[in-house]
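Taking my numbering, the leading residue of the sequence shown gets 149, the next gets one more, and so forth. The next block holds one structure in the form of structure tokens; read it before the comments.
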Amino acid sequence: MVRTMERLGVDSDVSAPVEDRVQHVRVAAVDDHESVRLGLRAACIDAGYEFIEEAANVDDLVAALRGRECDVVVLDLSLGDGSTVTENVKKIQATGAGVLVHSIADRVASVREALAAGAAGVIPKSAATQTVMAAISTVARGEVLNNLEWASAIDADADFAKAQLGRRERDVLHLYASGLPLKMVAAQLGIAASTAREYLDRIRVKYVEVGRPAPTKVDLLRRAVEDGILPGLDPDSGDER
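In structure tokens, the structure reads:
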């Protein structure tokens, strides 16, 4: 998976040194525990990020932003205002920010809901500060945070529906999600580019049908990892499987 993520420019090592981070990252946080918000603020400032706002719920954050741009919102899943995970993720995305889930790792159903709603990844609250900062940098670049918590949320979800892809559709998805342009995918499979495009369109339709749309190439990478078409992370070692 490391090689695949590198081809797409995705940071597969969320524990990379802070010096490798993206500069001028604008961060906000939503958590109903003030101590957590203050800790995130201090860590972001120390990492050189611009911490622009924090709030106990999403509505208060959106109101406080007042239209200001934000790259990443670090979101706790379990808020005390009665809001749902999906609506919180969607409201944050509507501001133009990416969503990084920062929560207790054993809330698998909520994590899965957040990922399905479009969150870019999940970091447990037990993670080291440097790991959280590197994850923020990854999400700020518009990339997928592919880590053990994400894989575990998928593996533990009994209701997770895989798209029923045919052999050739799986071949197309494997090559395309690995980073190859569609013309090169067609060349490798010995088919016309228009045929490869038809397979790709069919793949996207099948994912929509099971409630897991994949409109972008990064979304298709997510689906390929989720469905085992591309290797993910080994739960025991944290390496490729």
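All C-beta atoms, glycine included, are put in the ideal place defined by N, C-alpha and C.
Can you tell me which of the options puts its alpha carbon nearest to the alpha carbon of residue i?
i	options	result
Tyr-355	Val-220, Ala-311, Asp-208	Ala-311
Val-209	Lys-239, Tyr-347, Gly-269	Before going on, a small fix: residue 209 reads as Leu here, not Val. Taking only the C-alpha atoms, the option nearest Leu-209 is Lys-239.
Ala-191	Gly-327, Gly-269, Arg-174, Asp-319	Arg-174
Asp-194	Thr-364, Thr-277, Ala-283, Leu-321	Thr-277
Ala-283	Ala-262, Val-249, Arg-315, Leu-313	Val-249
Tyr-324	Ile-377, His-172, Arg-189	Ile-377
Glu-235	Val-222, Ala-265, Gly-228	Ala-265
Between the C-alpha atoms of residue i and residue j, what's the straight-line distance to the nearest angstrom?
i	j	result
Gly-215	Arg-352	33 Å
Leu-213	Val-233	20 Å
Gly-196	Val-220	14 Å
Lys-331	Asp-375	24 Å
Thr-279	Pro-272	10 Å
Ile-399	Asp-319	Residue 399 lies beyond the stretch modelled for the chain, which goes from 149 to 389, so this question has no answer here.
Arg-315	Glu-182	51 Å
Ala-268	Val-206	17 Å
Arg-185	Ala-176	9 Å
Val-170	Ala-340	Annotation note: pLDDT 44 at Val-170 (below 50); position unreliable, coordinate value reported separately. Approximately 39 Å between the Cα atoms of the pair.
Glu-346	His-322	15 Å
Asp-349	Thr-243	29 Å
Asp-367	Val-247	15 Å
Ala-344	Glu-317	9 Å
Can you tell me which residues form a DSSP beta bridge with residue i?
i	result
His-250	Ile-271
Arg-391	A question about residue 391 goes unanswered here, because the residues of the chain that appear run from 149 up to 389.
Arg-174	Glu-198
Arg-212	Note that residue 212 is Ala in the sequence shown here, rather than Arg. DSSP lists no partner for Ala-212.
Ala-203	Val-178
Val-222	Ala-177, Leu-248
Any 3 or more C-beta pairs closer than 8 Å across the segment 254-271 and the segment 182-200: As far as the Cβ criterion goes, the segment 254-271 does not touch the segment 182-200, which means the pair count is below three.
Stretch pair the segment 282-294 + the segment 331-341: three plus CB contacts closer than 8 Å: By the Cβ test, the segment 282-294 is not in contact with the segment 331-341, since fewer than three Cβ pairs between them sit closer than 8 Å.
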